[in-house]
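Working notes for the structure below.
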Amino acid sequence: MLFVFTSCGVYSFTGTTITAKTISIQTFYNDANNGPANLAVLFTDQLRDYYQQNTSLSQVQDGGELQLEGSVSGYRLSPVAPSAASSLETNDQANLTRLTITVKVSYVDLEDEEQSFNNKSFSFYADFDSDQGLTSVENQLIQEIYDQIILDIFNSTVANW
Numbered sequence: 022m023l024f025v026f027t028s029c030g031v032y033s034f035t036g037t038t039i040t041a042k043t044i045s046i047q048t049f050y051n052d053a054n055n056g057p058a059n060l061a062v063l064f065t066d067q068l069r070d071y072y073q074q075n076t077s078l079s080q081v082q083d084g085g086e087l088q089l090e091g092s093v094s095g096y097r098l099s100p101v102a103p104s105a106a107s108s109l110e111t112n113d114q115a116n117l118t119r120l121t122i123t124v125k126v127s128y129v130d131l132e133d134e135e136q137s138f139n140n141k142s143f144s145f146y147a148d149f150d151s152d153q154g155l156t157s158v159e160n161q162l163i164q165e166i167y168d169q170i171i172l173d174i175f176n177s178t179v180a181n182w
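Note that the working numbering has the sequence shown beginning at 22, numbered continuously upward.
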C-alpha cells in the first residue's frame with residue numbers, strides 16, 4: 022500500500038499542486054458598515070493560518086509569487102423566518118435571523134496570470150434563533166461563516182476548483 026502512494030509522484034490530499042514558493046496576504050480592510058470592529062483583522066489572521074496549515078508556501082510580507090488582498094465588504098442581518106403577531110398589541114417578528122458576511126478578494130498569481138482575479142466576492146451566511154440575540158452567538162457565527170469563505174477562497178486560488 023505504501024508503494025502505491027510513493028510511486029505516483031507528487032500528490033496532495035487537498036488537491037493542490039502548487040509550484041510557487043511564497044505567498045503574501047495583505048491585511049484585509051473593514052469596509053462593512055456595521056459589525057464588530059475587528060472583522061477584517063480576524064479574517065486576515067484566519068486566512069493566513071489556513072494557508073499556513075494547508076500549503077507549504079512561505080508567507081512573506083510583500084512580493085510573494087501568490088498575492089491576496091481585499092476587504093470585508095458586507096455584514097448584514099436579515100429576517101428569514103418571520104412570524105405573525107399573536108395579538109394586535111404585539112408586533113410581527115422574525116423567528117430566525119440570517120447573518121451574511123461578504124468578502125472581496127483580489128488574487129495575483131505571478132506564475133499563471135490566467136488564475137488571477139480582481140475584486141471577486143465571496144459570501145456565506147448562518148442563521149440563528151432570534152430569541153438568542155446576536156451578541157450571544159455572534160462570535161460562533163462569524164467563525165462558521167469565515168471557515169466557509171476561507172475554504173471557497175482557497176479553492177478558487179491554489180486548489181483550482
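Heads up, the beta-carbon is just placed ideally off N, CA and C, and yes, glycines get one too. Computed from a prediction, not measured in an experiment: that's the story for all the values here.
Residues near residue i by beta carbon distance below 8 Å, same chain, minus five either side
i          : result
residue 45 : 80, 81, 82, 83, 84, 85, 87, 88, 89
residue 58 : 51
Buried versus exposed call for residue i [16 or more other C-beta atoms within 10 Å across all chains shown]
i           : result
residue 40  : exposed
residue 179 : buried
residue 7   : Limits of the chain in this structure are 22 at one end and 182 at the other, which puts residue 7 out of reach.
CB contact flag (residue i, residue j, <7 Å)
i           : j           : result
residue 149 : residue 118 : yes
residue 56  : residue 96  : yes
residue 102 : residue 120 : no
residue 93  : residue 124 : yes
residue 65  : residue 48  : yes
residue 151 : residue 140 : no
residue 68  : residue 171 : yes
Cβ separation of residue i and residue j, assumed to be a contact under 8 Å, to the nearest whole Å
i           : j           : result
residue 166 : residue 143 : Not quite, the Cβ-Cβ distance comes to about 10 Å (not below 8 Å), so this is no contact.
Sequence-distant residues of the same chain with beta carbon closer than 7 Å to residue i, five excluded per side
i           : result
residue 169 : 145
residue 71  : 171, 175
Cβ shell of residue i (< 6 Å), same chain only, five flanking positions each side left out
i           : result
residue 138 : 128
residue 122 : 96, 166
The region 45-54 in contact with the region 156-170 per 3-pair CB rule at 8 Å:
The region 45-54 is not in contact with the region 156-170.
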